[in-house]
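Those protein sequences? They're chains V and F, same order as listed. This note's numbering puts the first residue of the first sequence at 3, with every later residue one more than the last. This note's numbering puts the first residue of the second sequence at 3, with every later residue one more than the last. One structure below.
Number of protein chains: 2
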Amino acid sequence: MKKIVIIGGGFAGAYAARALERTLRRRRGDVEILLYCRENYTVFQPLLPEVISGTIGLTDVVTPLRRLLKRTHVHVREIESIDVQNKTVRVAAGFKPHAHVESYDHLIIAPGTVTDFRGLPGLPEHALPFKNLADALELRSRVIRALEEADVESDDPELRRQLLTFVVAGGGFSGVEVVAELNDFVRHVATLYRRIDPREIRVVLVHAQDRILPEMKPQLGAFAQKILRKRGVELMLGYRLHAATGESALLSGPDGVVSVPTKTLVSTIPASPHPLIDSLPLPKTKNGRLLVDGTLRVKDHDDIWALGDCASVPARDGSPCPPTAQHATRQAQLVAQNVAALLGGGGMAALRTFDFKGLGKMGSLGRRNAVAEIFGLSISGCLAWFLWRTIYLAKIPGWGRRLKVASAWTLDLFLEPELVELRLGGAGGAIHEHFEPGQRVFSEGELGDRVYILLSGRAEVLRKCPNGGGGEQVLALLGPGECFGEMALLESAPRNASIRCVDPMTVLSIPKREFGLLAANVPGLRASFEQVTARRLAQGVAQ
Amino acid sequence: MKKIVIIGGGFAGAYAARALERTLRRRRGDVEILLYCRENYTVFQPLLPEVISGTIGLTDVVTPLRRLLKRTHVHVREIESIDVQNKTVRVAAGFKPHAHVESYDHLIIAPGTVTDFRGLPGLPEHALPFKNLADALELRSRVIRALEEADVESDDPELRRQLLTFVVAGGGFSGVEVVAELNDFVRHVATLYRRIDPREIRVVLVHAQDRILPEMKPQLGAFAQKILRKRGVELMLGYRLHAATGESALLSGPDGVVSVPTKTLVSTIPASPHPLIDSLPLPKTKNGRLLVDGTLRVKDHDDIWALGDCASVPARDGSPCPPTAQHATRQAQLVAQNVAALLGGGGMAALRTFDFKGLGKMGSLGRRNAVAEIFGLSISGCLAWFLWRTIYLAKIPGWGRRLKVASAWTLDLFLEPELVELRLGGAGGAIHEHFEPGQRVFSEGELGDRVYILLSGRAEVLRKCPNGGGGEQVLALLGPGECFGEMALLESAPRNASIRCVDPMTVLSIPKREFGLLAANVPGLRASFEQVTARRLAQGVAQ
Numbered sequence: 003m004k005k006i007v008i009i010g011g012g013f014a015g016a017y018a019a020r021a022l023e024r025t026l027r028r029r030r031g032d033v034e035i036l037l038y039c040r041e042n043y044t045v046f047q048p049l050l051p052e053v054i055s056g057t058i059g060l061t062d063v064v065t066p067l068r069r070l071l072k073r074t075h076v077h078v079r080e081i082e083s084i085d086v087q088n089k090t091v092r093v094a095a096g097f098k099p100h101a102h103v104e105s106y107d108h109l110i111i112a113p114g115t116v117t118d119f120r121g122l123p124g125l126p127e128h129a130l131p132f133k134n135l136a137d138a139l140e141l142r143s144r145v146i147r148a149l150e151e152a153d154v155e156s157d158d159p160e161l162r163r164q165l166l167t168f169v170v171a172g173g174g175f176s177g178v179e180v181v182a183e184l185n186d187f188v189r190h191v192a193t194l195y196r197r198i199d200p201r202e203i204r205v206v207l208v209h210a211q212d213r214i215l216p217e218m219k220p221q222l223g224a225f226a227q228k229i230l231r232k233r234g235v236e237l238m239l240g241y242r243l244h245a246a247t248g249e250s251a252l253l254s255g256p257d258g259v260v261s262v263p264t265k266t267l268v269s270t271i272p273a274s275p276h277p278l279i280d281s282l283p284l285p286k287t288k289n290g291r292l293l294v295d296g297t298l299r300v301k302d303h304d305d306i307w308a309l310g311d312c313a314s315v316p317a318r319d320g321s322p323c324p325p326t327a328q329h330a331t332r333q334a335q336l337v338a339q340n341v342a343a344l345l346g347g348g349g350m351a352a353l354r355t356f357d358f359k360g361l362g363k364m365g366s367l368g369r370r371n372a373v374a375e376i377f378g379l380s381i382s383g384c385l386a387w388f389l390w391r392t393i394y395l396a397k398i399p400g401w402g403r404r405l406k407v408a409s410a411w412t413l414d415l416f417l418e419p420e421l422v423e424l425r426l427g428g429a430g431g432a433i434h435e436h437f438e439p440g441q442r443v444f445s446e447g448e449l450g451d452r453v454y455i456l457l458s459g460r461a462e463v464l465r466k467c468p469n470g471g472g473g474e475q476v477l478a479l480l481g482p483g484e485c486f487g488e489m490a491l492l493e494s495a496p497r498n499a500s501i502r503c504v505d506p507m508t509v510l511s512i513p514k515r516e517f518g519l520l521a522a523n524v525p526g527l528r529a530s531f532e533q534v535t536a537r538r539l540a541q542g543v544a545q
Numbered sequence: 003m004k005k006i007v008i009i010g011g012g013f014a015g016a017y018a019a020r021a022l023e024r025t026l027r028r029r030r031g032d033v034e035i036l037l038y039c040r041e042n043y044t045v046f047q048p049l050l051p052e053v054i055s056g057t058i059g060l061t062d063v064v065t066p067l068r069r070l071l072k073r074t075h076v077h078v079r080e081i082e083s084i085d086v087q088n089k090t091v092r093v094a095a096g097f098k099p100h101a102h103v104e105s106y107d108h109l110i111i112a113p114g115t116v117t118d119f120r121g122l123p124g125l126p127e128h129a130l131p132f133k134n135l136a137d138a139l140e141l142r143s144r145v146i147r148a149l150e151e152a153d154v155e156s157d158d159p160e161l162r163r164q165l166l167t168f169v170v171a172g173g174g175f176s177g178v179e180v181v182a183e184l185n186d187f188v189r190h191v192a193t194l195y196r197r198i199d200p201r202e203i204r205v206v207l208v209h210a211q212d213r214i215l216p217e218m219k220p221q222l223g224a225f226a227q228k229i230l231r232k233r234g235v236e237l238m239l240g241y242r243l244h245a246a247t248g249e250s251a252l253l254s255g256p257d258g259v260v261s262v263p264t265k266t267l268v269s270t271i272p273a274s275p276h277p278l279i280d281s282l283p284l285p286k287t288k289n290g291r292l293l294v295d296g297t298l299r300v301k302d303h304d305d306i307w308a309l310g311d312c313a314s315v316p317a318r319d320g321s322p323c324p325p326t327a328q329h330a331t332r333q334a335q336l337v338a339q340n341v342a343a344l345l346g347g348g349g350m351a352a353l354r355t356f357d358f359k360g361l362g363k364m365g366s367l368g369r370r371n372a373v374a375e376i377f378g379l380s381i382s383g384c385l386a387w388f389l390w391r392t393i394y395l396a397k398i399p400g401w402g403r404r405l406k407v408a409s410a411w412t413l414d415l416f417l418e419p420e421l422v423e424l425r426l427g428g429a430g431g432a433i434h435e436h437f438e439p440g441q442r443v444f445s446e447g448e449l450g451d452r453v454y455i456l457l458s459g460r461a462e463v464l465r466k467c468p469n470g471g472g473g474e475q476v477l478a479l480l481g482p483g484e485c486f487g488e489m490a491l492l493e494s495a496p497r498n499a500s501i502r503c504v505d506p507m508t509v510l511s512i513p514k515r516e517f518g519l520l521a522a523n524v525p526g527l528r529a530s531f532e533q534v535t536a537r538r539l540a541q542g543v544a545q
């Protein structure tokens, strides 16, 4: 019995399993295919932005793997590590926390890429990636939440500016499609909010180069810019997102650093191969992708294959293939043929080489507009949009789903977008937050809803001068390891001081409910906070 | 300027606002309507079970309030308290934690009911209510998660039994519709899981009385029972859900207590008026509903009105109205007329009295089957199901939504249900868990993924006898305030002992990630756990 283990349920992994099912259909008794993936569905990236407006049913944007793969064992579990010496993978635990090790005869690695915010201050805490369904739903919820709050908070102009500014970083296909859909959606539904003036809304696209869609011909990039600008998207070209807080995006550009106030920040860049690949003792390119030869075998390994966005696959001219679905599905086809050839005893001579040039590129610009490059032709506008929908509809796996998406798109032509807020996620735990100099963590007089522990950076404690006049005096300076904000929780009173960031700082922020649960039951915790409180009360600097 | 404040965005509250908009359309300049609600949509309860199978688009089951109400200020905020003396309501904080107080001239109270698990051990921690969209989505996710896990855990029969048993408590309309939809969905999609045998699946409906649907005529209840049983639902009549753990539902019945192993427990009962009403100094019935007269005024208050499920509204014969949408919408109409009459200076004499008998009752039994009582006629089967869909389609507010639901229902006739798992909710914090005697919290050898603090009850620490033979010895007894499970986290080693519940116990359960974050940064916490560990190591009883 031979075992083929596939890691990843994206287009590369899922289509490899499907191609193997077909190629090996006569050997069902002696070959087993196992696929490990994080979610039980495969995401078709170009359709994901439609989740923001809810045009297509939320579950129709993706394809359940079990509908696609009838003879593969699909395991919705993450892989923790790969042991290439012993030819095993270690599978993460499920409900029962026990380790699980699976052996393989052939390993197909295709976990794709992740949006990698490491090294960018505040981005892991405050920026949203846009890779899977949960990201898209989270973005949709945040946008609607921001509109709802802006409608209530009619007398706080600063907060309104943060709530009504939406920032997308990355001007490639993904970023452009997200910003186009987001802009259409926000501007459309905002008319339903009685206290939101459409002129207050800012939708910003940040891109480091001097034109968007660098993958396409210049005239198509220019067309896309014209359309986006016409629809109210602000383009910040030559700017790079380098840090974020809960209230702003910090962009470095030609004139130094600009801070854009926002509570909704999406970043589609930078992409790195899946973390699983980092730790593998296999040859990689500089940017961390697995080096494979034209047959998709990882160099010097006859039983390990890699494809999709996590691999650097040489195209006919030797340059690496771009990370697109059309390449991934064709690589999947090839890897299945090659694995089958080896299993059939054909030897190395039976292996075929990847040889696909790409059919074209398309990018949606939202409401009835798109750009496309097909067989060397450049198309833009309504025709490109029609092509975009038609071609992608054909690419969706399964007739049932195609029918659902087609009917949703038809209704969308004359119905309004939806604004139901799906508020999900249960009790929140402790999180990290990032602050930049000058920013306030909280202000005197606010209700205390969180406790903070300073992990790095510095902050100052301020209190309004007792003689009035609006001035503030600095009571203390806080450094790493110190906590603040605990008073208001222990006493259920408003904050009696403000905290302002001095040096860029990261804090551990613990919600009231969580802190209450722990403080009531962990003896050391309560004692430790009570000591701090007593000391501060004695010094008169409690917050 | 007169201000009318409405609390609640269900059918009662939302339709009251809509009726007021119409009735007072000539007084737009001098009357302001404010509606406070927890979600930005109104839920039509009878359609909610369809979220489980995903037949209707997830956001089409509910109606966004802003589409319904064009001239009302909709505030998606909870109300924390009502001050009837000063005629104000206190509004919960949003992003900025500051208190907000709003005054009113007329107050319309319609927050509905909540599923009230107080006093039922383990239910608040382990049972799911089924009231709003988030509940329905959570149930759907849990069901799919259970199937995915059962497919992986093929060699743990006990865990499989828990995963593949689905329990619904409450045999009224809501419970019956949920169990019917759940049963259809699970049995349909389970065929896609290669390692799940349909005979392993149990779907159980628990009901305290001797027949389900007590609101309907006996023959319709009997018909519903027959259909559900035919489709594989197990009916446990005469049983009452009285406790739950993370692995079982405890039912007390004619022969004592029965424990049903399950990881998916939904309870549609018991319902209590919204907690906001508890604290109000207003006259209430024994079960906590607000007492109003026929004009919907709360007794002895000329400016406070109550309607919907939170109020006890006398019907024509003096008995209280049932909690249905048809009554709520008609009460909403009346309250709008009466408030308008008072505002118009008509005085008490102008008030009209509630006089509506109810048109009938309907309950869906899932796949093309239902029961209905309309104008005294009893109808069951496919015709009742057709009526159910037609009537409820007509009740959905707005043509766009009706069209979407109708098209989804049409496609559903020949397409398969969806099994995309929407996994949502970010980092989890500390939670409560409940255990019953004999149950294990964790077993020796498992990986440590949580730390526990015992809040009430008792547990014993067990270790396998070193001489083999499979026996275990009791190392220690733990009581309230003690922690366990910390060793495996501090050392990243497997559990070196098991913990078994002796007396029913509630624990605070802190996930690994959360504990790591806190232990690394809160000085008192780490020290306190290290002391415990050192002491236990010295005694040789560490876990």
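Ideal Cβ placement from N, Cα and C applies to all residues, glycine included.
Q) Around the C-beta of F/T193, are 16 or more other C-beta atoms found within 10 angstroms, so that it is buried, or is it exposed? A) exposed
Q: Report the rounded CA-to-CA distance for V/R40 versus F/G296, giving the unit in angstroms.
A: 57 Å
(Q) Whole angstroms are fine: how far does the CA of V/T61 sit from the CA of V/V260? (A) 38 Å
Q | Contacts of V/I455 in chain F (Cβ-Cβ under 9 Å) | A | L520, N523, V524
**Q.** Bridge partner(s) assigned by DSSP for F/L215
**A.** Beta-bridge pairing links F/L215 to no other residue.
**Q.** Helix, strand or coil at V/C384 [DSSP, three-state]
**A.** helix
**Q.** Partners in chain F for V/A101, counting only beta-carbon separations shorter than 8 Å
**A.** L449
Q: Return helix, strand or coil for V/F358, following the three-state DSSP convention.
A: coil
Q) For V/K4, which three-state DSSP category applies? A) strand
Q: For V/F517, name the three-state secondary structure that DSSP assigns.
A: helix
Q. Counting only runs that start and end within the segment 439-516 of chain F, where is the alpha helix (DSSP H) found for 4 or more residues in a row?
A. 488-493
Q: Pull up the distance between the alpha-carbon of V/P256 and that of V/I110, whole angstroms please.
A: 44 Å
**Q.** Minimum length 3: unbroken beta strand (DSSP E) runs contained in the segment 180-214 of chain F
**A.** 204-209
Q.
Is V/A112 close to the ligand NAP? I mean its beta-carbon at under 6 Å from any heavy atom of the ligand.
A. Absence of the ligand NAP from the depicted structure is noted, as is the absence of any ligand whatsoever, leaving it without description.
Q.
Quick check on DSSP: helix, strand or coil for F/E435?
A. strand
Q: Kindly indicate which residue of F/S143, F/P123, F/G121, F/R196 has the alpha-carbon position closest to the one of F/E155.
A: F/R196
Q) Counting along the chain, where does the alpha helix (DSSP H) carrying V/L36 start and finish? A) Segment 33-38 is the beta strand (DSSP E) holding V/L36; no alpha helix (DSSP H) there.
Q: Find out if the Cβ-Cβ distance for the pair F/L125, F/L141 is shorter than 7 Å.
A: no
Q | Residues near V/W390 by beta carbon distance below 6 Å, same chain, minus five either side | A | M364, S366, A372
Q | Every unbroken beta strand (DSSP E) inside the segment 136-166 of chain V [3 residues or more] | A | none
Q. Listing by chain order, which chain V residues have their CB less than 9 Å from the CB of F/A529?
A. G526, S530
Q. At what residue ranges does the segment 242-291 of chain F contain a whole run of the alpha helix (DSSP H), taking only runs of 4 or more?
A. 277-280
Q: Answer with yes or no whether the minimum CB distance from V/K98 to chain F is below 7 Å.
A: yes
Q. Hey, out of V/L361, V/R370, V/C384, whose CA is closest to V/G378's CA?
A. V/L361
(Q) Measuring only the C-alpha atoms, how far is V/A14 from V/F132? (A) 19 Å
Q: Report yes or no: do three or more beta-carbon pairs, one from the segment 23-31 of chain F and one from the segment 515-532 of chain V, lie closer than 8 Å?
A: no
Q. Leaving out five residues before and five after V/P399 in sequence, what residues of the same chain have Cβ atoms less than 7 Å from its Cβ?
A. T65, L70
(Q) Is F/A432 close to chain V? Criterion is C-beta to C-beta, closer than 7 Å. (A) yes
Q: Closer than 9 Å, Cβ to Cβ, to anything on chain F: give me those residues from the segment 186-202 of chain V, in chain order.
A: V191, L194, Y195, R196, R197
Q) How long is the line joining the alpha carbons of F/V145 and F/L243, rounded to whole angstroms? A) 20 Å
Q | Partner residues on chain V for F/V78, Cβ-Cβ distance less than 7 Å | A | E150
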